[in-house]
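Sequential numbering from 51 applies to the sequence shown in my numbering. Every residue gets a Cβ at the ideal spot worked out from N, C-alpha and C, and that includes glycine.
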Amino acid sequence: MKRIICLLMMICSMTFLSCSEDKDIPTDEKNEYITLSEITAMSFNVRYSGGDTDEHKWDNRKAACLAMINSTKPALIGMQEVRPDQKTYFEENLKNYIVFGAGRDGSSSTEHCSVCFRSDVFTMKSSGTFWLSATPDIMSKGWDGACYRICTWAKLSIKSSGKEIFFFNTHLDHKGTEAQEQGLLVIQKKIKEIAGDDAFVILIGDFNMKPDNANIVSFATYMNNLRDQFASGTFYNASTYNNWGASGLIIDYIWSRNTSPVSYEVVNGVYSGVTYISDHYPIMGKFELP
51 MKRIICLLMM ICSMTFLSCS EDKDIPTDEK NEYITLSEIT AMSFNVRYSG
101 GDTDEHKWDN RKAACLAMIN STKPALIGMQ EVRPDQKTYF EENLKNYIVF
151 GAGRDGSSST EHCSVCFRSD VFTMKSSGTF WLSATPDIMS KGWDGACYRI
201 CTWAKLSIKS SGKEIFFFNT HLDHKGTEAQ EQGLLVIQKK IKEIAGDDAF
251 VILIGDFNMK PDNANIVSFA TYMNNLRDQF ASGTFYNAST YNNWGASGLI
301 IDYIWSRNTS PVSYEVVNGV YSGVTYISDH YPIMGKFELP
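Listed below in structure tokens is the structure:
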């Protein structure tokens, strides 16, 4: 009888230890989003909460946004037009992601360019936000811009390899043409200042300019436009701005330096029964690490 009791106690003890060791392990495998030397990054203008009605209302879209991310599983996400309530929603519901960013007017109460990264894949070494203006280190509006515009960035180390990448997320002005031109020059200058010339860099965001815009063409001499690397691909002519189905434009981009692109995709599927989870489609790129 004593042997049986001891045996049962040993089994219970082993079961407890097994559960204790597993309790901090994420439901996804540690490196699910990095296959060999590849990494996936997404840009997603979520459309700010407030002002929309019916199916476009945030409360009617947010579960579908979450379902899209859980389905596509990017290791890196840059979101634009994120208001505090939306940031909180993603912080609470995106499992295994760190979500951070600053409000574009220097407070936490306005739109963010939020950066999200897998906490089981990356360690953040440093981060920051700068303004697209003549004084990028001070909260300020640039040139003829209608709004304060920012770029939020992170220096990340891959836990499994120690390799480092720099990830930048921005949203350029939708009206000011000088603000667009000068904003890109600020971004280029700050990337050189923060990351240098030889680092692995990904820049994503809503640029509010079409591919034939002179500023976009010029910027492509400094960074590689991922879409252009797949000119014969399925998504080359696919719109990134859908205007809730009323019209379409290509104004969202993924750029990179010192990388080898693997794929480019416009994520235009239906999630949780919602056809348009935002007035922008997310775009996603996959890269080989050097």
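Put simply, of Ser211, Tyr303, Gly212 the residue whose alpha carbon is nearest the alpha carbon of Met259 is Tyr303. A contact is defined here as three or more CB-CB pairs under 8 Å, and the stretch 159–174 meets this definition with respect to the stretch 209–218. Taking all protein chains in view, the Cβ of Val320 is surrounded by fewer than 16 other Cβ atoms within 10 Å, so the residue is classified as exposed. Of all alpha-carbon atoms in His106, Ile89, Ser99, the one lying nearest the alpha-carbon of Gly295 is that of His106. Leaving aside the five residues that flank Gly195 on each side, the residues in its chain whose CB is nearer than 6 Å to its CB run, in chain order, Asp223, Gly226, Ala229. Residue range 172–181 is occupied by the beta strand (DSSP E) that includes Lys175. One thing to note: Leu276 has its Cβ no nearer than 8 Å to the Cβ of Tyr326. The C-beta of Glu243 has fewer than 16 other C-beta atoms within 10 Å across all chains shown, which makes the residue exposed.
The straight-line gap separating the alpha-carbon atoms of Ile252 and Arg307 is approximately 7 Å. Of the residues assessed, Glu142 falls on the exposed side of the cut-off, its CB having fewer than 16 other CB atoms within 10 angstroms.
Residues His106, Trp108, Arg111, Glu131, Ser328, Asp329, His330 of the same chain have their beta carbon placed closer than 8 Å to that of Arg97, with the five preceding and five following residues left out of the count. At a Cβ-Cβ threshold of 8 Å, Lys205 and Ser164 do not count as neighbours.
In this structure, Tyr286 keeps its C-beta atom at 8 Å or more from the C-beta atom of Ile301.
Comparing alpha-carbon positions, the option among Lys240, Gly335, Arg154, Tyr147 lying closest to Pro311 turns out to be Gly335. Trp203 is bridged by DSSP to Gly178, Phe218. Restricting attention to Leu299, Phe250, Gly153, Val236, the CA atom closest to the CA of Glu88 is found in Phe250. Runs of the beta strand (DSSP E) lying entirely within the stretch 93–139 and spanning at least 3 residues, in chain order: 126–130. Your pair Thr202 and Gly151 checks out as a contact, with CB atoms roughly 5 Å apart and the cut at 8 Å. About 16 Å separates the Cβ atoms of Phe167 and Leu116, ruling out a contact at the 8 Å cut-off.
The residues Gly151, Ala152, Cys163, Ile200, Cys201, Thr202, Trp203, in chain order, have a CB closer than 8 Å to that of Thr179 in the same chain once the five nearest residues on each side in sequence are set aside.
Under the DSSP assignment, Val251 falls in the beta strand (DSSP E) whose first and last residues are 251–256. A direct Cα-Cα distance of roughly 11 Å separates Gly283 from Val316. Sixteen is the threshold: since fewer than 16 other Cβ atoms of the shown chains lie within 10 Å of the Cβ of Asn120, the residue is exposed. In the structure shown, Trp294 adopts helical secondary structure according to DSSP, grouped into three states. Partner residues in the beta bridge of Val324, as assigned by DSSP, are Tyr321.
Taking Asp248 as the centre and dropping the five residues before and after it, the same chain places the C-beta of Asn308 closer than 7 Å to its C-beta, in chain order.
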